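**Q** Just so you know, the sequences run in chain order A and B. Using my numbering, you'd call the opening residue of the first sequence number 1 and step up by one each time. Using my numbering, you'd call the opening residue of the second sequence number 1 and step up by one each time. For reference, the structure I am asking about is given below.
There are 2 protein chains.
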Amino acid sequence: MKAKITITLKNGVLDPQGAAIENALASLGFEGADSVRQGKVIEMKLSETDEIAARAKAEEMCKKLLANPVMENYAIEILA
Amino acid sequence: MKAKITITLKNGVLDPQGAAIENALASLGFEGADSVRQGKVIEMKLSETDEIAARAKAEEMCKKLLANPVMENYAIEILA
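Next comes the structure, spelled out in structure tokens:
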């Protein structure tokens with residue numbers, strides 16, 4: 001199964017990359033873009049054929065390696 | 001409206017970050033994770049109140065700044 005894991009900074013955590021994008025957009029003349037935040041997306045194929053098992057594995061990967069739970073939230077999507 | 005822009009490397013473009021994650025997962029004992037690719041997700045608030053206008057603006061931002069169309073694909077989701 002394919003897993004898509006989206007990792008975003010928690011609210012209140014400073015996001016310098018997001019701020020840089022916001023400034024760059026403004027300097028290119030894009031007005032009205034606000035609260036820009038940048039995160040990561042990680043896609044992978046998992047050998048599990050069962051959605052529940054695949055989700056459990058992705059969750060464990062997030063906890064052990066992919067996300068920093070102090071600063072980051074993660075969301076897991078399992079695709080067929 | 002909120003826009004969520006997902007930027008991923010095109011197929012065939014080398015992804016050293018994805019490869020590093022794949023190796024790290026294997027060395028932590030996670031088996032069966034394959035074809036790991038890392039991308040970016042950018043979230044922002046747009047002042048547009050119309051979905052079509054918001055999508056057009058996000059598309060232009062991708063073309064002019066956010067994505068490198070030679071190496072990257074982008075997908076835009078507009079959320080209420």
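Cβ atoms here follow ideal geometry from the backbone N, Cα and C, with glycine treated the same way. This structure is a prediction, so every number in the text was calculated from the model and none was measured.
(1) What residues from chain C crowd round K63/A, counting only those whose CB sits closer than 7 Å?
(2) On the CB-based measure, 16 or more other CB atoms within 10 Å of its CB, does M61/A come out buried or exposed?
(3) Can D34/A and M44/B be called in contact, C-beta distance under 8 Å?
(4) State buried or exposed for A26/B, treating a residue as buried only when at least 16 other CB atoms are found within 10 Å of its CB.
(5) Terminal residues of the continuous beta strand (DSSP E) containing E77/B?
(6) Between the region 11-31 of chain B and chain A, which residues of the former have CB atoms less than 8 Å from a CB of the latter, in chain order?
(7) What does L46/A touch in chain B if you count any residue whose Cβ is under 7 Å from its own?
(8) Taking the alpha carbon of M1/A as the point to measure from, which residue in E31/A, I76/A, E48/A has its own alpha carbon closest?
(9) By how many angstroms is the C-alpha of K63/A removed from the C-alpha of F30/A?
(10) Mind reading off the beta-carbon distance from A75/B to T6/B? Whole number of angstroms is fine, and I expect it under 8 Å.
(11) Determine the extent of the alpha helix (DSSP H) in which A58/A is found, giving its start and end residues.
(12) Select from A3/A, K57/A, R55/A, T8/A the residue whose C-alpha is nearest the C-alpha of V41/B.
(13) List the residues of chain B that T49/A touches, going by C-beta distances under 7 Å, in chain order.
**A** The relevant details are as follows:
(1) The chain inventory of the structure shown lacks chain C, comprising the protein chains A and B.
(2) Taking the first sequence and counting its residues from 1, one reaches residue 61/A at position 61. It is buried - the Cβ of M61/A has at least 16 other Cβ atoms within 10 Å.
(3) The count along the first sequence starts at 1 and reaches residue 34/A at position 34. The count along the second sequence starts at 1 and reaches residue 44/B at position 44. In this structure, the beta-carbon distance from D34/A to M44/B falls below 8 Å.
(4) Here residue 26/B is taken as the residue at index 26 of the second sequence, counted from 1. Counting other Cβ atoms within 10 Å of its Cβ, A26/B stays below 16 and is therefore classed as exposed.
(5) Translated into the one-based positions of the second sequence, residue 77/B becomes position 77. 72-79 is the extent of the beta strand (DSSP E) around E77/B.
(6) From the region 11-31 of chain B, only G18, I21, E22, A24, L25, L28, F30, E31 have a Cβ closer than 8 Å to chain A.
(7) Translated into positions along the first sequence, residue 46/A becomes position 46. By Cβ distance, chain B contributes G32, A33.
(8) Here residue 1/A is taken as the residue at index 1 of the first sequence, counted from 1. The residue with the shortest Cα to Cα distance from M1/A is E48/A.
(9) Mapped onto the first sequence, residue 30/A falls at position 30. Mapped onto the first sequence, residue 63/A falls at position 63. Cα to Cα, the separation comes out at about 37 Å.
(10) Taking the second sequence and counting its residues from 1, one reaches residue 75/B at position 75. Taking the second sequence and counting its residues from 1, one reaches residue 6/B at position 6. That pair is a contact at about 5 Å.
(11) As a working mapping, residue 58/A is identified with position 58 in the first sequence. Residues 51-61.
(12) For this step, residue 41/B is matched to residue 41 along the second sequence. Selection A3/A, K57/A, R55/A, T8/A evaluated against V41/B yields T8/A as nearest (Cα-Cα).
(13) As a working note, residue 49/A is residue 49 in the first sequence. Correct list: empty, because the minimum Cβ distance to chain B is about 10 Å.
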